[in-house]
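Quick note: our numbering has the sequence shown finishing at residue 510, numbered continuously throughout.
We treat Cβ as the ideally placed atom computed from N, Cα and C, and that holds for glycine.
These numbers come from a predicted model, not from an experiment.
Structure, as structure tokens:
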Amino acid sequence: MKQFSAGANEEGARLSRFVESVTTGLPASLLYKSFRNKRIKVNGKRQTPDYRLRQGDLVELYINDEFFAAAPQKPPAKKPAAPLQVVYEDDAIAVLYKPAHLLCHGDRTGDASLVDAFLSYLAQKGEFDPRGEVAFRPALCNRLDRGTEGLVVGAKTYAALRDMNAIIREGLVRKEYLTITFGAPPAGRHTAYLRHDEKNNKVKVQAGPGEGFKQIITNVAVKRVQGPFALCRIGLVTGRTHQIRAHLAFLGAPVLGDVKYGNRKWNEKTGFRTQALCAESLTFSPLPAENALCALSGRTIRLEHPAILDKFASLAKQ
């Protein structure tokens, strides 16, 4: 028998998901059989799979030891992350600034990542104990490409992660970006169709529908023009892979510095080695009262003076 105590960050987690997170290789059939046979208890009493955990609940699992992983090996040391910049924070979420070149999540290179910096920040504040958490770890709710700077939402609790994911999925948050393009794109709302080649991690955009193509909708506003370059505000109506970069290239105004969809000559001439793209603001629609994050209703969280503005100003010297 194994015992686990639900921490503050597991408040509201579904019991069946909690059990899945603390076991390894447990078949779904055996999981639900264990519920039926009263081999999964909370505070000494039988509970159903959809029971929502409360902080301090004692979960008892009368399940064979083979379904519990051995103690994990010490992970390889990671490179230290840059200091974390928090743009907004409350008890449930933190909106973080991710500089260009920083990964959102770690990979096999061992490079520093935003999520590691977030966990370290919460641990220093006493809001996260990596040794005490069982089923939930604070997590990022959205991600940006490595070369893109801007705002990323971090959830501190299970309820915040669940409800922020619902907000994003249901289109209740408007994301706006700043970008520098080579050539000024036509302003307005643009519709096209995109297909993602996962093998090459590259997309193709065309005017009309086709097999494997999904509709994309992008709002474009040109803020300033300086020589052959334009500073644009982009609003995402849909959120497909590489949508902004590929759609702007399709419109004849590629993102400066973009090595996949951009203009190689002007990338080299200006010295831009990564896409000039910044996730600048998040605006929340009215949210349901039952949403744990309803206090964000109608709120705009904006990055003050993003680095991309200085990059655009530097082009005057080119």
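Just the Cα atoms here: how many angstroms apart are residue i and residue j?
i	j	result
Pro264	Ala508	With a pLDDT of only 49 at Pro264, under 50, the local geometry of the prediction cannot be trusted, and the value read off the model is given with reservation. Rounded to the nearest angstrom, the two C-alpha atoms are 54 Å apart.
Lys230	Gln195	15 Å
Ile255	Ala331	28 Å
Tyr224	Thr383	46 Å
Pro322	Ala315	8 Å
Ile409	Arg338	23 Å
Ala445	Pro241	52 Å
Gln435	Met356	22 Å
His388	Lys394	6 Å
Val211	Arg361	26 Å
Tyr350	Ser489	20 Å
Thr216	Glu258	8 Å
Asn455	Ala376	14 Å
Gly427	Leu288	20 Å
Val279	Lys367	15 Å
Gly404	Thr371	28 Å
Asp450	Pro480	39 Å
Asn483	Leu469	31 Å
Leu253	Phe328	18 Å
Leu443	Pro498	25 Å
Ile232	Pro219	15 Å
Gln239	Ser208	10 Å
Asp249	Arg432	40 Å
Pro401	Lys237	55 Å
Arg354	Gly298	22 Å
Enumerate in chain order the residues of its own chain whose CB-to-CB distance from residue i is below 7 Å, with the five nearest sequence positions on each side excluded.
i	result
Glu296	The question names Glu, but residue 296 is Cys in the sequence shown. Lys290, Ser305, Leu306, Val307, Leu332, Arg335, Leu336, Val344.
Gln407	Thr383, Tyr385, Thr430
Glu319	Lys348
Arg465	Gly449
If you follow the alpha helix (DSSP H) that residue i is part of, which residue opens it and which one closes it?
i	result
Arg354	350-361
Ile436	435-442
Ser489	Counting along the chain, Ser489 falls outside any alpha helix (DSSP H), and DSSP gives it neither H nor E.
Lys190	Any question about residue 190 goes unanswered here, given that the chain covers just 193 to 510.
Leu250	Run containing Leu250: none in the alpha helix (DSSP H); it sits in the beta strand (DSSP E), 250-253.
Asn459	456-462
Glu209	Strictly speaking, residue 209 in this sequence is Arg, with Glu absent from that position. Start and end: 207-214.
Phe421	Premise fails: Phe421 lies in the beta strand (DSSP E), 421-428, not in any alpha helix (DSSP H).
Leu501	499-506
Along the chain, where does the beta strand (DSSP E) that runs through residue i open and close?
i	result
Ser473	469-476
Phe196	194-197
Ala347	341-347
Tyr243	No beta strand (DSSP E) contains Tyr243, which DSSP labels as neither H nor E.
Phe374	365-374
Arg416	406-418
Could you give the C-beta distance for residue i and residue j, rounded to a whole number, given that I count them as a contact under 8 Å?
i	j	result
Ile493	Glu341	Going by Cβ atoms, the distance from Ile493 to Glu341 rounds to 15 Å, so no, they are not a contact pair.
Cys424	Ala413	6 Å
Val447	Gln418	The Cβ separation is near 15 Å, so there is no contact.
Ala352	Ile285	5 Å
Tyr369	Ala471	5 Å
Excluding the 5 residues flanking residue i on each side, which residues of the same chain have their C-beta closer than 6 Å to its C-beta?
i	result
Val251	Phe196, Val234
Leu276	Ala309, Tyr313
Gln398	Tyr385
Gly463	none
Phe227	Pro241
Tyr453	Arg437, Ala438, Ala441, Pro446
Gly204	Arg244, Tyr350, Ala351
Pro478	Ser489
Arg381	Asn411
Leaving aside the five residues before and after residue i along the sequence, list all residues of the same chain whose C-beta is less than 8 Å from its C-beta, in chain order.
i	result
Asn491	Sequence inspection shows Arg at residue 491; the Asn mentioned does not correspond to that position. So the qualifying residues of the chain are Thr475, Phe476.
Asp282	Ala487
Phe260	Lys194, Val214, Thr215, Thr216
Lys461	Gln510
Pro420	Phe374, Gly375, Trp458
Taking 7 Å as the cut-off, is the C-beta of residue i nearer than that to any heavy atom in the ligand COA?
i	result
Lys348	Of ligands this structure carries none, so the ligand COA is not represented either.
(request) May I have a chain-ordered list of the beta strand (DSSP E) segments no shorter than 3 residues that lie completely inside the region 289-324? (result) Runs of the beta strand (DSSP E) inside the region 289-324: none found.
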